[in-house]
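Colleague:
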Amino acid sequence: MMKNKYLLGFFVLLFVCVQVVYGQAKYVFYFIGDGMGVNQVNITEAYLSALNGERGSGSLTFARFPVASMAATYSANSDVTESAAAGTALATGQRTNNNYIGVDPAVNRLETVAEKAKKAGKKVGVATTVQVNHATPAAFYAHQRDRGMYYEIAKDIIPSGFDFFAGGGFANREMLFDRTKAPDIYPIIEQAGYFVAKGYSDFIANDGKAKKVLLVHENWEKEDGIPYAIDRTDKDLTLPQITKAAIETLTKDNNKGFFIMLEAGRIDWAGHGNDGAAVVHEVIDLDEAVKIAHEFYKKHPKETLIVITADHETGGVTAGKGGFNMAILRHQKMSKDKVSAQIRALSETKNRNVSWDDFKNLLTETMGFWKDVPIHWVQERLLRDTFEETLGRRSNAENRNYSAEYALLAEKTRQIINDIAGLGWSTTGHSADFVPVFAIGAGQELFNSKMHISDIPKNIIKAAKY
Numbered sequence: 001m002m003k004n005k006y007l008l009g010f011f012v013l014l015f016v017c018v019q020v021v022y023g024q025a026k027y028v029f030y031f032i033g034d035g036m037g038v039n040q041v042n043i044t045e046a047y048l049s050a051l052n053g054e055r056g057s058g059s060l061t062f063a064r065f066p067v068a069s070m071a072a073t074y075s076a077n078s079d080v081t082e083s084a085a086a087g088t089a090l091a092t093g094q095r096t097n098n099n100y101i102g103v104d105p106a107v108n109r110l111e112t113v114a115e116k117a118k119k120a121g122k123k124v125g126v127a128t129t130v131q132v133n134h135a136t137p138a139a140f141y142a143h144q145r146d147r148g149m150y151y152e153i154a155k156d157i158i159p160s161g162f163d164f165f166a167g168g169g170f171a172n173r174e175m176l177f178d179r180t181k182a183p184d185i186y187p188i189i190e191q192a193g194y195f196v197a198k199g200y201s202d203f204i205a206n207d208g209k210a211k212k213v214l215l216v217h218e219n220w221e222k223e224d225g226i227p228y229a230i231d232r233t234d235k236d237l238t239l240p241q242i243t244k245a246a247i248e249t250l251t252k253d254n255n256k257g258f259f260i261m262l263e264a265g266r267i268d269w270a271g272h273g274n275d276g277a278a279v280v281h282e283v284i285d286l287d288e289a290v291k292i293a294h295e296f297y298k299k300h301p302k303e304t305l306i307v308i309t310a311d312h313e314t315g316g317v318t319a320g321k322g323g324f325n326m327a328i329l330r331h332q333k334m335s336k337d338k339v340s341a342q343i344r345a346l347s348e349t350k351n352r353n354v355s356w357d358d359f360k361n362l363l364t365e366t367m368g369f370w371k372d373v374p375i376h377w378v379q380e381r382l383l384r385d386t387f388e389e390t391l392g393r394r395s396n397a398e399n400r401n402y403s404a405e406y407a408l409l410a411e412k413t414r415q416i417i418n419d420i421a422g423l424g425w426s427t428t429g430h431s432a433d434f435v436p437v438f439a440i441g442a443g444q445e446l447f448n449s450k451m452h453i454s455d456i457p458k459n460i461i462k463a464a465k466y
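The numbering of the sequence shown is our numbering, which starts it at 1 and goes up by one.
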């Protein structure tokens with residue numbers, strides 16, 4: 001009897017020790033850098049360090065967190081995952097087939113960490129810099145057999161009952177998966193009790209009066225999400241602003257805690273375009289949002305958990321191809337996509353009668369070529385030949401694809417500045433590379449070893465005791 005008493009006492013002591021070590025995460029920030037592999041973090045730190053005249057220093061806030069590990073990303077049916085399957089793994093703790101949202105390979109509904117948090121009485125938010133019904137955010141609140149069911153996914157917001165959503169509007173907001181016309185999703189969401197804030201200023205003007213919020217960017221009618229960080233104006237929504245709005249909404253009249261997933265979705269899009277400068281600015285935007293969460297953590301260090309990871313790597317980027325000069329990317333003033341748009345605008349202004357000097361002047365303004373970025377004669381020859389094959393032609397054939405020509409010229413400029421910076425890319429798709437995992441706060445010890453991305457939500461559930 002005495003032996004059993006001592007044994008019971010031992011287990012009680014062990015339980016108490018575990019509670020002390022891991023604590024309980026009352027407030028959970030779950031950041032996902034879509035497409036952010038280890039090297040996306042590496043090149044961003046190298047860029048920031050180069051601007052500071054340093055080498056090898058840790059310039060990103062989240063990269064200095066006390067726990068840093070890595071995770072594999074394979075899905076249930078492929079070594080190379082995509083955002084739906086990876087998002088589902090990150091949300092539910094279970095691997096599924098590519099293109100599935102919130103369901104297992106047999107299309108059975110899976111409960112997400114966000115739904116568990118809601119059941120536990122927490123306020124819940126899901127936010128992104130791309131469309132709210134895109135794959136990664138969708139995986140936290142929706143349950144559909146295909147990531148392309150954008151309208152059906154958007155409607156899943158309503159039964160979720162989550163308190164805060166944010167992002168760049170909605171894809172296919174008036175079209176069912178079978179291409180049938182459907183009612184605009186915005187009034188439906190408003191009727192469900194959400195205040196739709198059209199831009200951060202609109203959110204501030206509302207002064208937190210609404211209990212449930214959908215925050216979209218000011219240009220909400222466009223369906224291509226929030227602009228790249230490198231292209232944004234003062235009017236454009238940012239991930240740091242979204243993070244501030246989420247904290248304000250989720251802490252209002254709430255002493256039970258919250259769970260918020262925040263996605264930096266355009267890291268992936270920049271990776272698909274092999275656009276090094278755009279990638280770097282997106283990772284910096286993510287870090288600025290993490291800084292806001294970190295300030296919150298410093299006020300509640302024993303109750304807050306911050307986790308940063310990715311769903312997969314995009315682009316297969318390598319650093320140091322024929323040299324390494326990341327600082328050169330500071331002269332790229334806009335994304336490759338916007339360079340293409342600027343070339344279009346130049347062509348239309350000149351009635352498609354663009355001279356080589358016109359084109360050179362544009363690249364000097366947008367990329368720093370010839371002025372701040374030395375161009376080798378081989379690189380200039382590549383640009384000149386491409387120009388002569390596209391804008392330099394005076395033919396007005398009916399089947400001429402000017403959009404493709406603008407995109408090709410922009411791609412060549414991207415290729416040259418990436419080569420000068422020393423960036424190489426192995427794909428325009430996803431890779432099977434490991435992704436980083438960073439953590440700080442209550443339960444951070446749960447993330448200190450190599451894992452699969454599906455282990456991350458399981459560990460969050462342990463830390464928060466959902």
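Ideal placement from N, C-alpha and C gives every residue a C-beta, glycine not left out. Model, not experiment: these values are computed from the prediction.
Given the structure, does V378 come close to the ligand SAH, in the sense that its CB is under 7 Å from one of the ligand's heavy atoms?
Modeller: Of the ligands one can find in the structure shown there are none, so the ligand SAH has no counterpart to examine.
Colleague: Could you say if the stretch 136-151 and the stretch 202-217 meet the contact criterion of at least three C-beta pairs nearer than 8 Å?
Modeller: Touching, no, given that fewer than three Cβ pairs across the two stretches are closer than 8 Å.
Colleague: Could you pull the start and end residues of the beta strand (DSSP E) that H416 belongs to?
Modeller: For the sequence presented, residue 416 should be read as Ile rather than His. Element bounds for I416: not the beta strand (DSSP E) but the alpha helix (DSSP H), Y402 to A421.
Colleague: Look at the alpha carbon of P137 and the alpha carbon of H331, and state the distance between them as a whole number of angstroms.
Modeller: Straight-line Cα distance between these residues: approximately 33 Å.
Colleague: Pull the bridge partners of Q144 from the DSSP assignment, please.
Modeller: Bridge partners of Q144: I101.
Colleague: Using DSSP's beta-bridge definition, name the partner residues of F359.
Modeller: Answer by DSSP bridge pairing: none, since F359 is not bridged.
Colleague: Rounded to whole angstroms, what is the Cα-Cα separation between N39 and S355?
Modeller: Cα to Cα, N39 sits roughly 39 Å from S355.
Colleague: Report all residues from its chain with a CB closer than 6 Å to the CB of G441; omit the five preceding and five following residues, and keep chain order.
Modeller: If we look at G441 and ignore the five residues flanking it on each side, its Cβ neighbours are Y297, T304, L305 and I306.
Colleague: Straight-line CA distance for F359 to D163?
Modeller: If I take the Cα positions, the gap works out to 49 Å.
Colleague: How big is the Cα-Cα spacing for G37 and I153?
Modeller: Each residue's alpha carbon lies about 27 Å from the other.
Colleague: Suppose the cutoff is 8 Å on Cβ atoms and the five residues either side in sequence are ignored; what does the same chain contact list for S347 look like?
Modeller: The answer, listed in chain order, is V354, L391, Y402 and Y406.
Colleague: Output the boundary residues of the alpha helix (DSSP H) element that contains V279.
Modeller: Note, V279: alpha helix (DSSP H), G276 to K299.
Colleague: DSSP state of P187, grouped into three classes?
Modeller: Here P187 sits in helix by DSSP.
Colleague: Is it the case that the Cβ atoms of T81 and K291 are separated by a distance below 8 Å?
Modeller: Not in contact: T81 and K291 (Cβ atoms no closer than 8 Å).
Colleague: For V107, count the other beta carbons within 10 Å of its own beta carbon; 16 or more makes it buried, fewer makes it exposed. Which is it?
Modeller: Classification for V107: exposed.
Colleague: Between G102 and G168, is the Cβ-Cβ spacing less than 8 Å?
Modeller: It is not a contact, given that the beta carbons lie outside the stated cut-off.
Colleague: Rounded to the nearest angstrom, what separates A135 and A84 at their Cα positions?
Modeller: Taking the straight line from one Cα to the other gives about 5 Å.
Colleague: In whole angstroms, what separates the C-alpha of N219 from that of G316?
Modeller: Approximately 32 Å between the Cα atoms of the pair.
Colleague: Report the start-end ranges of each beta strand (DSSP E) in the stretch 35-123 that is 3 residues or longer and not cut off at the edges.
Modeller: As far as the stretch 35-123 is concerned, its whole beta strand (DSSP E) runs of at least 3 residues are 67-72.
Colleague: When DSSP labels each residue in this structure, what does F177 get in the three-state scheme?
Modeller: Here F177 sits in coil by DSSP.
Colleague: Whole alpha helix (DSSP H) runs in the stretch 189-230 with 4 or more residues, listed along the chain?
Modeller: Within the stretch 189-230, the complete alpha helix (DSSP H) runs of at least 4 residues are 200-206.
Colleague: Just reading off the beta strand (DSSP E) that E263 is part of, what are its end residues?
Modeller: Where E263 is concerned, the enclosing beta strand (DSSP E) stretches over F258 to A264.
Colleague: Compare the Cα-Cα distances from D419 to each of P227, N133 and P374 and report the closest residue.
Modeller: Of the listed residues, the one whose Cα sits closest to D419 is P374.
Colleague: Considering only the alpha carbon of each residue, which of A310, A410 and A327 lies closest to F434?
Modeller: F434 has its Cα closest to that of A310, out of A310, A410 and A327.
Colleague: For the 8 Å Cβ check, are there 3 or more pairs between the stretch 275-285 and the stretch 229-244?
Modeller: Result yes; three or more Cβ-Cβ pairs closer than 8 Å.
Colleague: Flag this pair as yes or no: are the beta carbons of A278 and K333 separated by less than 8 Å?
Modeller: No.
Colleague: So what does DSSP say about V21, is it helix, strand or coil?
Modeller: At V21 the pLDDT is 48, less than 50, meaning the model places this residue with poor confidence and gives no usable figure here.
Colleague: Which one of T249, A166, L408 and D268 has the shortest CA to CA distance from T427?
Modeller: Answer by Cα proximity: D268.
Colleague: Using the Cα positions of R344 and G443, report the straight-line distance between them to the nearest angstrom.
Modeller: R344 and G443: Cα-Cα distance of roughly 51 Å.
Colleague: State the beta-bridge partners of L305 as determined by DSSP.
Modeller: Beta-bridge pairing links L305 to V28 and G441.
Colleague: To the nearest angstrom, how far is the alpha carbon of T366 from that of W377?
Modeller: Their backbone Cα atoms lie some 20 Å apart in a straight line.
Colleague: On the DSSP bridge assignment, give the partners of F165 in chain order.
Modeller: Note: F165 sits in a beta bridge opposite V126 and L214.
Colleague: On the CB-based measure, 16 or more other CB atoms within 10 Å of its CB, does D79 come out buried or exposed?
Modeller: It is exposed - the Cβ of D79 has fewer than 16 other Cβ atoms within 10 Å.
Colleague: In chain order, what residues of the same chain have a beta carbon less than 8 Å from the beta carbon of L250, not counting five sequence neighbours either side?
Modeller: So the list reads K123, V124, G125, D163, F164, F258 and I260, once near-sequence residues are dropped.
Colleague: Taking 8 Å as the cut-off, decide whether the C-beta atoms of A76 and T96 are in contact.
Modeller: A contact, by the Cβ cut-off of 8 Å.
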